[in-house]
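*Asks:* Provided herewith is a single structure, encoded as structure tokens, for subsequent inquiry.
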Amino acid sequence: MAAAALPASRRDDYRALYESFRWEIPPNFNIAEACCGRWARDPATMDRIAVYTEHEDGRRNAHTFAYIQAEANRLSAALRNLGVARGDRVAIVMPQRIETVIAHMAIYQLGAIAMPLSMLFGPEALAYRIAHSEASVAIADETSIDNVLAARPECPALATVIAAGDAHGRGDHDWDMLLAAQLPTFTAEETKADEAAVLIYTSGTTGPPKGALIPHRALVGNLTGFVCSQNWYPQDDDVFWSPADWAWTGGLWDALMPALYFGKPIVGYQGRFSAERAFELLERYAVTNTFLFPTALKQMMKACPEPRQRYGIRLRALMSAGEAVGETVFGWCRDALGVIVNEMFGQTEINYIVGNCTAQNDDERLGWPARPGSMGRPYPGHRVQVIDDEGRPCAPGEDGEVAVCATDSAGHPDPVFFLGYWKNEAATAAKYVERDGLRWCRTGDLARVDADGYLWYQGRADDVFKSSGYRIGPSEIENCLLKHPAVSNCAVVPSPDPERGAVVKAFVVLTPAVARSFEGDAALVAELQAHVRGQLAPYEYPKAIEFIDQLPMTTTGKIQRRVLRLLEEERAAQRRQSA
83 MAAAALPASR RDDYRALYES FRWEIPPNFN IAEACCGRWA RDPATMDRIA VYTEHEDGRR
143 NAHTFAYIQA EANRLSAALR NLGVARGDRV AIVMPQRIET VIAHMAIYQL GAIAMPLSML
203 FGPEALAYRI AHSEASVAIA DETSIDNVLA ARPECPALAT VIAAGDAHGR GDHDWDMLLA
263 AQLPTFTAEE TKADEAAVLI YTSGTTGPPK GALIPHRALV GNLTGFVCSQ NWYPQDDDVF
323 WSPADWAWTG GLWDALMPAL YFGKPIVGYQ GRFSAERAFE LLERYAVTNT FLFPTALKQM
383 MKACPEPRQR YGIRLRALMS AGEAVGETVF GWCRDALGVI VNEMFGQTEI NYIVGNCTAQ
443 NDDERLGWPA RPGSMGRPYP GHRVQVIDDE GRPCAPGEDG EVAVCATDSA GHPDPVFFLG
503 YWKNEAATAA KYVERDGLRW CRTGDLARVD ADGYLWYQGR ADDVFKSSGY RIGPSEIENC
563 LLKHPAVSNC AVVPSPDPER GAVVKAFVVL TPAVARSFEG DAALVAELQA HVRGQLAPYE
623 YPKAIEFIDQ LPMTTTGKIQ RRVLRLLEEE RAAQRRQSA
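Each residue of the sequence shown is one higher than the one before, counting from 83 in the numbering used here.
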């Protein structure tokens, strides 16, 4: 059937919403207690479905808060017996499966620090993160066990590998046997709101990835944006699903933990994303709320232009982030899916800070209108400005860097802030600028603000970029390429792509010993791509490689990636003109 027509516009309640909000952060706060423990103890909610799981092979299950809590209690006790203490790091290298949820709850209530790592990471990427964090335990399933074991020799602090799912028999302990030996009771540690809970490594332009240390209170700091972008979540029948990997900020903080915090069910799907499967999941679980990257929305739009003629879709809210949605996709979501996209902006260190709250253009609910292509406005509780190189506010229409104040407009600390970069005080200090007695955190993202306070994204201040929703740092890819004997030097930049926003492109200078030919070049491109794919994550390997004689460099010997980036943008513009 055709999508019901939505109101063409909505009232703007932004100023009243923003100015009336105040943070109230308790001194003690624990994510496991907030997202599971309290629901599992209450007889009225203990048997409520918390997580639906589905595997691409067809296996399905539903898990209650009581079940998750009992299994988390067993794992907490087991981890304590293995020597995991308050503040220790535990790596979780698993996809959207119930063991991932249980592991997070167990680690948080133990007072330890969860370090989620993507199952897509290769041995080199895993080895750096596990070794740098000095994680003592890693939990892996069949999707990641090979790479975890390959990385283990480089990780001297990694004392124990726990094998879950079909990885049984390949670790030091099997998940099922380890938990079966423990009682389903555990006295959770009481944690301060400011204590560290999560360590997420985020790509950077120079040097290796940095570990952003996130406190328990950051979950609360995410909630104003989550509630607004999900059109006043929760409602009675809300069910959440997102394909965003729970190992990343988008999946963990924008989907999994907020849904559980509000005691509402979330769907976890273990398998490759496809447009058809996305529509099937939306229908099968009567999903009302979702977070979908623009890349996913484009795939869905092309695969099924009129989805409501084939699927029963009950969406009432759709948040998107990672890159601009664009007017075409925005219009398709409104007309074909029946939802107005709420775009959002944030980053691992300070997430969910800017966005929209259209409430489906329903003036019976508070909200503000979305402007297609805009990042939105600062969410309540977050003081955001666009600043120049000196840290001064930019005038409307001027490009500058997005910065977030460490305190809100009432002078209260903003709980969304990270604690700092793991073992990297210099990088932490460089993230901030002081002005007029206030401390501002630089995001590294460029934007301009219009007269109505909407922010419009203009690119990265550094060389980090997004590809299909993934944040890509060139240095890790370049370092991997440089390990190949044929590579003398290289630079990685985004190359514009209509489907994915950008793809990873590498400009490579070959060593003099490499003989060049048409066939030889093609074979070497494939070899280099396989080299990176085997060591890093699949989304990081260069989709395009160009061999050049020399890279553009500054007088001090730094690669000028901006020159190469502009070259790719010019080439893309020429392709569009000739199409």
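All residues carry an ideal CB built from backbone N, CA and C; glycine is no exception.
Give a yes or no on whether the C-beta atoms belonging to Trp328 and Gly350 are separated by under 9 angstroms.
*Replies:* Walking along the sequence shown from the start, residue 328 turns up at place 246. Walking along the sequence shown from the start, residue 350 turns up at place 268. Closer than 9 angstroms, so yes.
*Asks:* Considering only the alpha carbon of each residue, which of Gln467, Pro497, Trp257 lies closest to Leu528?
*Replies:* As a position in the sequence shown, residue 528 is number 446, starting the count at 1. Comparing Cα positions, the closest option is Gln467.
*Asks:* Beta carbon of Phe361, beta carbon of Ser324: below 9 angstroms?
*Replies:* Here residue 361 corresponds to residue number 279 of the sequence shown, with the count starting at 1. Here residue 324 corresponds to residue number 242 of the sequence shown, with the count starting at 1. Their beta carbons are not under 9 angstroms apart, which means Phe361 does not touch Ser324 by this criterion.
*Asks:* Do you know how far the Cα of Ala368 is from the Cα of Ala588?
*Replies:* Translated into the one-based positions of the sequence shown, residue 588 becomes position 506. Translated into the one-based positions of the sequence shown, residue 368 becomes position 286. Computed Cα separation, rounded: 42 angstroms.
*Asks:* Considering only the alpha carbon of each residue, which of Ala239, Pro620, Ala509, Gly463 lies closest to Ile554?
*Replies:* The sequence position of residue 554 within the sequence shown is 472, counting from 1. Here the closest residue by C-alpha is Pro620.
*Asks:* If you run the structure through DSSP and keep just helix, strand and coil, what is Leu161?
*Replies:* In the sequence shown, the residue the question calls residue 161 occupies position 79. It is helical.
*Asks:* Do you know how far the Cα of Asn433 is from the Cα of Ala441?
*Replies:* Taking the first residue of the sequence shown as 1, we reach residue 441 at position 359. Taking the first residue of the sequence shown as 1, we reach residue 433 at position 351. If I take the Cα positions, the gap works out to 21 angstroms.
*Asks:* Between the C-alpha atoms of Gln381 and Glu358, what's the straight-line distance to the nearest angstrom?
*Replies:* Counting from one through the sequence shown, the residue named residue 381 turns up at place 299. Counting from one through the sequence shown, the residue named residue 358 turns up at place 276. Spanning the two alpha carbons is a distance of roughly 9 angstroms.
*Asks:* Expressed to the nearest angstrom, what Euclidean distance is found between the alpha-carbon atoms of Ala85 and Ala294?
*Replies:* Mapped onto the sequence shown, residue 85 falls at position 3. Mapped onto the sequence shown, residue 294 falls at position 212. Confidence at Ala85 is low in this model, with a pLDDT of 46, below 50, so its placement is unreliable and no value can be given for it.
*Asks:* Put Thr628 into one of helix, strand or coil per three-state DSSP.
*Replies:* Walking along the sequence shown from the start, residue 628 turns up at place 546. What sits at residue 628 in the sequence shown is Glu, not Thr. If DSSP states are grouped into helix, strand and coil, Glu628 belongs with the strands.
*Asks:* I need the DSSP call for Leu650, collapsed to helix, strand or coil.
*Replies:* Numbered from 1 along the sequence shown, position 568 holds the residue referred to as residue 650. Correcting the residue type first, residue 650 is Glu in the shown sequence and not Leu. Here Glu650 sits in helix by DSSP.
*Asks:* At 4 residues or longer, and completely inside the stretch 87 to 169: list those alpha helix (DSSP H) runs for me, N to C.
*Replies:* Runs of the alpha helix (DSSP H) inside the stretch 87 to 169: 96 to 102, 120 to 123, 147 to 163.
*Asks:* Is DSSP giving Met187 helix, strand or coil here?
*Replies:* Walking along the sequence shown from the start, residue 187 turns up at place 105. Three-state DSSP puts Met187 in a helix.
*Asks:* What is the DSSP secondary structure of Phe308, reduced to helix, strand or coil?
*Replies:* Here residue 308 refers to the residue found at position 226 of the sequence shown. Here Phe308 sits in helix by DSSP.
*Asks:* Of all the options Asp445, Glu581, Pro475, which has the alpha carbon lying nearest to the alpha carbon of Arg55?
*Replies:* What the structure shows of the chain is the stretch from 83 to 661, and residue 55 is not part of that stretch, so it cannot be assessed.
*Asks:* Taking the alpha-carbon positions, what's the Arg390 to Ala418 distance?
*Replies:* Stepping through the sequence shown from its first residue, residue 390 is reached at position 308. Stepping through the sequence shown from its first residue, residue 418 is reached at position 336. Distance between the alpha carbons of Arg390 and Ala418: 7 angstroms.
*Asks:* Give the single residue among Glu271, Ser577, Ile212, Tyr283 whose Cα lies nearest to the Cα of Lys548.
*Replies:* Translated into the one-based positions of the sequence shown, residue 548 becomes position 466. With distances taken between Cα atoms, Lys548 lies closest to Ser577.
*Asks:* Could you pull out every residue in the same chain whose Cβ sits closer than 8 angstroms to the Cβ of Asp248, ignoring the five residues on either side in sequence?
*Replies:* Within the sequence shown, residue 248 is the residue found at index 166, counting from 1. Answer for Asp248: Asp223, Glu224, listed in chain order.
*Asks:* Please name the residue, chosen from Ala270, Gly551, Gly428, Asp603, that lies closest to Ala485 on a Cα-to-Cα basis.
*Replies:* In the sequence shown, counting from the first residue as 1, residue 485 sits at position 403. Among Ala270, Gly551, Gly428, Asp603, the Cα nearest to that of Ala485 belongs to Gly428.
*Asks:* From Arg97 to Asp534, what does the alpha carbon distance come to, in whole angstroms?
*Replies:* Here residue 97 is taken as the residue at index 15 of the sequence shown, counted from 1. Here residue 534 is taken as the residue at index 452 of the sequence shown, counted from 1. Between Arg97 and Asp534, the C-alpha separation is close to 10 angstroms.
*Asks:* Where Lys384 and Asp170 are concerned, what is the direct C-alpha to C-alpha distance, given to the nearest angstrom?
*Replies:* Position 302 of the sequence shown, counted from the start, is the residue given in the question as residue 384. Position 88 of the sequence shown, counted from the start, is the residue given in the question as residue 170. So the two alpha carbons sit approximately 46 angstroms from each other.
*Asks:* Tell me the rounded alpha-carbon separation between Val133 and Arg234.
*Replies:* Position 51 of the sequence shown, counted from the first residue, corresponds to residue 133. Position 152 of the sequence shown, counted from the first residue, corresponds to residue 234. Each residue's Cα considered, the two are about 31 angstroms apart.
*Asks:* I'd like to check one pair, Val423 with Asn438: are the Cβ atoms closer than 9 angstroms?
*Replies:* One-based indexing of the sequence shown puts residue 438 at position 356. One-based indexing of the sequence shown puts residue 423 at position 341. Yes, the Cβ-Cβ distance between Asn438 and Val423 is below 9 angstroms.
*Asks:* Give me whichever residues DSSP pairs with Val569 in a beta bridge.
*Replies:* By one-based count along the sequence shown, residue 569 stands at place 487. Answer is Leu592.
*Asks:* Note down the Cα distance separating Gly353 from Gly479, rounded to an integer number of angstroms.
*Replies:* Within the sequence shown, numbered from 1, the residue matching residue 353 stands at position 271. Within the sequence shown, numbered from 1, the residue matching residue 479 stands at position 397. Computed Cα separation, rounded: 43 angstroms.
*Asks:* Which word fits Glu650, buried or exposed, when buried means at least 16 other C-beta atoms lie within 10 angstroms of its C-beta?
*Replies:* The residue labelled residue 650 in the question sits at position 568 within the sequence shown. When all chains shown are included, Glu650 counts as buried.
*Asks:* From Gly50 to Gln151, what distance separates their C-alpha atoms?
*Replies:* Past the edges of the chain, shown from 83 to 661, lies residue 50, and the structure says nothing about it.
*Asks:* Going by the beta-carbon positions, is the gap between Glu181 and Leu363 smaller than 9 angstroms?
*Replies:* On the sequence shown, position 99 is the one that residue 181 refers to. On the sequence shown, position 281 is the one that residue 363 refers to. Taking 9 angstroms as the Cβ cut-off, Glu181 and Leu363 do not qualify as a contacting pair.
*Asks:* Just tell me which of Trp330, Gly204, Asp471 has its CA closest to the CA of Ala232.
*Replies:* The count along the sequence shown starts at 1 and reaches residue 232 at position 150. Comparing Cα positions, the closest option is Gly204.
*Asks:* Let's test the definition: count the other Cβ atoms within 10 Å of the Cβ of Gly505 and tell me whether it reaches 16, buried, or not, exposed.
*Replies:* As a position in the sequence shown, residue 505 is number 423, starting the count at 1. Residue identity differs from the one stated: residue 505 is Lys in this sequence, not Gly. By the neighbour-count rule (16 or more Cβ atoms within 10 Å), Lys505 is not buried but exposed.
*Asks:* Hey, Lys292 and Pro316 are a contact pair by Cβ (cut 8 angstroms); roughly how many whole angstroms apart?
*Replies:* Locating residue 292 in the sequence shown gives position 210, where the first residue counts as 1. Locating residue 316 in the sequence shown gives position 234, where the first residue counts as 1. Wrong, their Cβ atoms sit about 34 angstroms apart, outside the cutoff.
*Asks:* Please specify which runs of the alpha helix (DSSP H), each continuous and at least 4 residues long, are wholly inside the stretch 216 to 279, giving them in chain order.
*Replies:* Within the stretch 216 to 279, the complete alpha helix (DSSP H) runs of at least 4 residues are 227 to 233, 257 to 262.
*Asks:* On the DSSP letters alone, give me the boundaries of the alpha helix (DSSP H) that Lys384 sits inside.
*Replies:* Start at 1 with the first residue of the sequence shown, and residue 384 comes out as number 302. 376 to 385 is the span of the alpha helix (DSSP H), which, as asked, contains Lys384.
*Asks:* DSSP three-state call for Leu400: helix, strand or coil?
*Replies:* The residue labelled residue 400 in the question sits at position 318 within the sequence shown. Leu400: strand per DSSP, three-state reduction.
*Asks:* Tell me where the beta strand (DSSP E) around Gly616 begins and ends.
*Replies:* As a working mapping, residue 616 is identified with position 534 in the sequence shown. It is not in any beta strand (DSSP E) - Gly616 instead sits in the alpha helix (DSSP H) that spans 600 to 617.
*Asks:* Quick check: what's the CA-CA separation for Pro177 versus Phe147?
*Replies:* Position 95 of the sequence shown, counting from 1, holds the residue named residue 177. Position 65 of the sequence shown, counting from 1, holds the residue named residue 147. One C-alpha to the other measures close to 20 angstroms.
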